[in-house]
Amino acid sequence: MAMVCSTVSFLVLPPHFSGRPSCNVACSSSCCSVASSSHAYCPASRNIVSILTSSHQQRHHHPLTSDALDKRDLRTKAGLWDSIRSGLLKTSPTSVTEPERKEDEFDLVEGEVVLVEKVQTDGTVEKIVFASGAEVDVYELELLCDKVGWPRRPPSKVAAALRNSYMVASLHLYRQPPSADGDIPALEKRELIGMARATSDHAFNATIWDVLVDPLYQGQGLGKALVEQMVRALLRRDIGNITLFADAQVVDFYKGLGFEADPEGIKGMFWYPRY
Amino acid sequence: MTLTNMLISHSNLGFCSDFSRPLLLPLLLPPPPPAGSSFQPFVSRLTSIVGSTGILQNDRKLRQTCQVMAAAPSYSEAAGVTESGMFSQSDDDLNSRGFEIHMSRDDINLDKLNSLFVMVGFPRREKGKLLRALEHTVSLLWIHEKKSGSIIGFARATGDSIFNAIIWDVVVDPSYQGLGLGKVMMERLIADLVKRGISNIALYAEPNVVGFYQPLGFISDPDGIRAMAYSRRRR
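In structure tokens, the structure reads:
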């Protein structure tokens with residue numbers, strides 16, 4: 000199993016200028032730990048099933064019990080169990096770096112991409128799911144920002160900024176313990192472990208901001224997957240110009256994802272109030 | 000309204016440097032308005048204000064100051080954006096030279112806008128997409144040239160309306176470049192964004208215009224931050 004381990008910190012956004020009261024996103028270099036010690040996620044598990052793509056618009060699979068479906072709908076639009084039921088699950092373990100490219104079948108509309116799936120030895124199923132349209136709870140986001148050392152911003156402002164964003168991409172960790180009772184699946188827990196958002200004019204340009212991944216889950220290629228899936232989603236919506244501002248230490252990270260620094264000599268410039 | 004209140008609210012106006020009424024005024028009075036700016040004095044209001052405070056009505060300097068201040072076109076229009084707190088060229092200045100500033104997308108003619116884009120070497124944009132882009136633009140500005148009826152200047156900003164804004168498509172018709180119209184637009188656009196509480200204003204500048212943005216308060220690659228764009232070629 001090859002996990003992508005990379006040293007990255009996820010700052011996309013502009014600087015925390017000294018004296019500015021509301022900093023948008025601070026340099027997250029403090030949050031970046033090369034994760035060799037923080038593989039909380041990998042070692043104890045077995046049976047990494049596969050990475051599936053699934054579309055929330057797919058309705059023609061066999062549903063589980065209606066109870067289970069109701070609970071799912073509350074939290075996720077993905078149909079992992081549905082996919083399993085319709086026999087799309089591979090049985091051999093595969094590596095966790097690139098989502099499978101069943102694009103035509105499942106990426107018909109924006110949905111969710113299951114990036115990682117594991118079944119723990121005790122039967123707990125864990126999934127890390129990318130979504131471009133899932134709801135991000137501002138308080139969960141605040142906790143996440145705390146974890147990477149970014150300053151807090153007023154929740155009402157954050158909520159408004161998310162609402163005004165063209166796309167809010169998220170990584171959620173779903174944990175479903177084995178059911179105590181054979182028939183009824185246990186309640187699935189969901190935790191926000193990564194986020195990125197883009198502002199746009201909905202036609203020509205988009206700018207990516209605030210890319211972050213929970214330090215506990217860094218070093219596994221999740222940041223790359225987050226940004227890559229987001230770029231794909233933007234391209235699908237025909238946004239021709241996808242831009243961002245990268246802190247010096249993450250320029251290489253974004254280069255690896257297809258971004259070019261100072262394209263054609265173009266410089267990023269920021270306004271500072273002088274008066 | 001007392002003289003003090005008036006001074007406070009028009010604090011970006013005229014200042015008489017040898018004015019010797021220390022109590023109320025000095026701290027509040029900024030540099031004189033730039034030469035050439037026009038105003039319409041509200042003399043009657045002025046008289047009643049001066050009268051009500053009891054300050055020596057005979058002091059000519061005071062009257063001048065008050066006249067200038069009473070005629071303020073708007074309150075702190077460019078506070079924090081320009082040194083004087085006023086725009087480098089006022090709307091009236093521009094009007095008298097045949098240029099009308101618009102900051103609403105109402106009445107914008109997409110064909111004329113496209114003509115302007117083409118003139119500066121931008122691609123002509125598909126109108127449906129262009130309209131959609133303008134509908135999702137947080138702040139924009141266009142300059143209508145009265146004689147020709149053309150749009151000779153344009154600039155817009157997108158963002159989340161809370162934290163960040165990016166300025167795009169800053170263009171001036173080549174025939175009207177060199178008149179300070181780019182600066183005219185930028186001052187107003189930034190002032191508008193600042194007024195909305197947006198503190199993080201950024202843009203992507205081609206190498207030949209970095210020098211245009213610097214005197215306007217823009218710094219490139221602060222703290223080593225780099226502009227990046229997705230390139231399909233590289234993937």
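Those protein sequences? They're chains W and L, same order as listed. In this text, residue positions in the first sequence follow numbering that gives the first Met the number 0: the first is 0, and each later residue adds one. In this text, residue positions in the second sequence follow numbering that gives the first Met the number 0: the first is 0, and each later residue adds one. Backbone N, C-alpha and C define an ideal beta-carbon position, used for all residues, glycine too. Given the structure is predicted, the values throughout are model-derived calculations rather than measurements.
CA-to-CA distance, alanine 133 of chain W to aspartate 246 of chain W, given in whole angstroms: Cα to Cα, the separation comes out at about 27 Å.
Chain L contact residues for leucine 243 of chain W, given Cβ-Cβ distances below 7 Å: Met227
8 Å Cβ cut-off: residues of chain L touching lysine 156 of chain W: Ile161 and Phe162
Members of the region 196 to 210 of chain L near chain W, C-beta cut-off 7 Å: Ser198, Asn199, Ile200, Ala201, Leu202, Tyr203, Ala204, Glu205, Pro206 and Val209
Cutoff 8 Å: arginine 187 of chain L Cβ touching any chain B Cβ: Checking the listed chains, one finds no chain B in this structure; the protein chains it contains are W and L.
Status (buried if at least 16 other CB within 10 Å, exposed otherwise) for leucine 142 of chain W: exposed
Nearest-angstrom beta carbon gap, alanine 228 of chain L and proline 262 of chain W [assumed within contact, 8 Å]: Right, the Cβ-Cβ distance comes to about 5 Å (below 8 Å), so this counts as a contact.
Neighbour flag for proline 262 of chain W against chain L, beta carbons, 8 Å: yes
Contact residues within the region 177 to 203 of chain W, judged by C-beta distance below 9 Å to chain L: Arg196, Thr198, Ser199, Asp200, His201, Ala202 and Phe203
Sufficient close CB pairs (3 or more, under 8 Å) joining the region 114 to 125 of chain L to the region 92 to 102 of chain L: no
Beta-carbon proximity of methionine 229 of chain W to alanine 195 of chain W, cut-off 8 Å: yes
Of the listed residues W:Gln119, W:Lys126, W:Ser169 and W:Met268, nearest to aspartate 209 of chain W (C-alpha basis): W:Ser169
Run of the alpha helix (DSSP H) containing valine 249 of chain W, from where it starts to where it stops: It is not in any alpha helix (DSSP H) - valine 249 of chain W carries neither H nor E in the DSSP assignment.
Beta-carbon proximity of alanine 154 of chain L to glycine 267 of chain W, cut-off 8 Å: Contact flag unset, no.
8 Å Cβ cutoff met for methionine 184 of chain L and isoleucine 142 of chain L: yes
Under the three-state DSSP convention, the category methionine 102 of chain L falls into: coil
Own chain, CB closer than 7 Å to aspartate 121 of chain W, minus 5 neighbours either side, in chain order: Counting only Cβ-Cβ distances below 7 Å, and skipping sequence neighbours, we find Pro177.
Proximity to arginine 236 of chain W [Cα-Cα], best of L:Lys128, L:His101 and L:Gly120: L:Lys128
Simplified DSSP assignment, three categories, for leucine 178 of chain L: When DSSP states are grouped into helix, strand and coil, leucine 178 of chain L belongs to the coil group.
Partners in chain L for arginine 273 of chain W, counting only beta-carbon separations shorter than 7 Å: Gly216
Beta carbon proximity, valine 296 of chain W to chain L, threshold 8 Å: Missing from the structure shown is residue 296 of chain W; chain W here goes from 0 to 274 and no further.
Beta strand (DSSP E) segment containing aspartate 168 of chain L, residue limits: 163 to 171
Three-state secondary structure (DSSP) of valine 137 of chain W: helix
Boundaries of the beta strand (DSSP E) in which glutamine 275 of chain W is found, first to last residue: Any answer about residue 275 of chain W is impossible in this case: the structure gives chain W only from 0 up to 274.
Contact set for glycine 181 of chain L: own chain, Cβ-Cβ below 7 Å, skip 5 residues either direction: Val169, Val171 and Phe211
Buried versus exposed call for methionine 102 of chain L [16 or more other C-beta atoms within 10 Å across all chains shown]: exposed
C-beta neighbour in chain W for tyrosine 212 of chain L, strict 8 Å: yes
Contact with chain L by aspartate 246 of chain W, beta-carbon distance below 8 Å: yes
Neighbour-count burial assignment, glycine 239 of chain W, 16 or more Cβ in a 10 Å radius: The residue in question, glycine 239 of chain W, is exposed, as its Cβ has fewer than 16 Cβ neighbours within 10 Å.
Residue environment, glutamate 82 of chain L, which counts as buried when at least 16 other CB atoms sit within 10 Å: Exposed is the label assigned to glutamate 82 of chain L, since fewer than 16 other Cβ atoms lie within 10 Å of its Cβ.
8 Å contact criterion, which glycine 120 of chain L and tryptophan 270 of chain W should meet: CB distance rounded: 25 Å between Cβ atoms; not a contact.
Residues, ordered as in the chain, of the region 138 to 156 of chain L that lie near chain W by beta-carbon distance below 9 Å: Arg155
Whole-angstrom C-beta distance between glycine 264 of chain W and proline 214 of chain L, which should lie under 8 Å: That belief does not hold up - the Cβ atoms of proline 214 of chain L and glycine 264 of chain W are roughly 20 Å apart, past 8 Å.
CA-to-CA distance, isoleucine 161 of chain L to serine 89 of chain L, given in whole angstroms: 28 Å
Residues bridged to threonine 81 of chain L (per DSSP): Bridge partners of threonine 81 of chain L: none, in fact.
Enclosing beta strand (DSSP E) for phenylalanine 116 of chain L [first to last residue]: Unbroken run through phenylalanine 116 of chain L is the alpha helix (DSSP H), 109 to 118; no beta strand (DSSP E).
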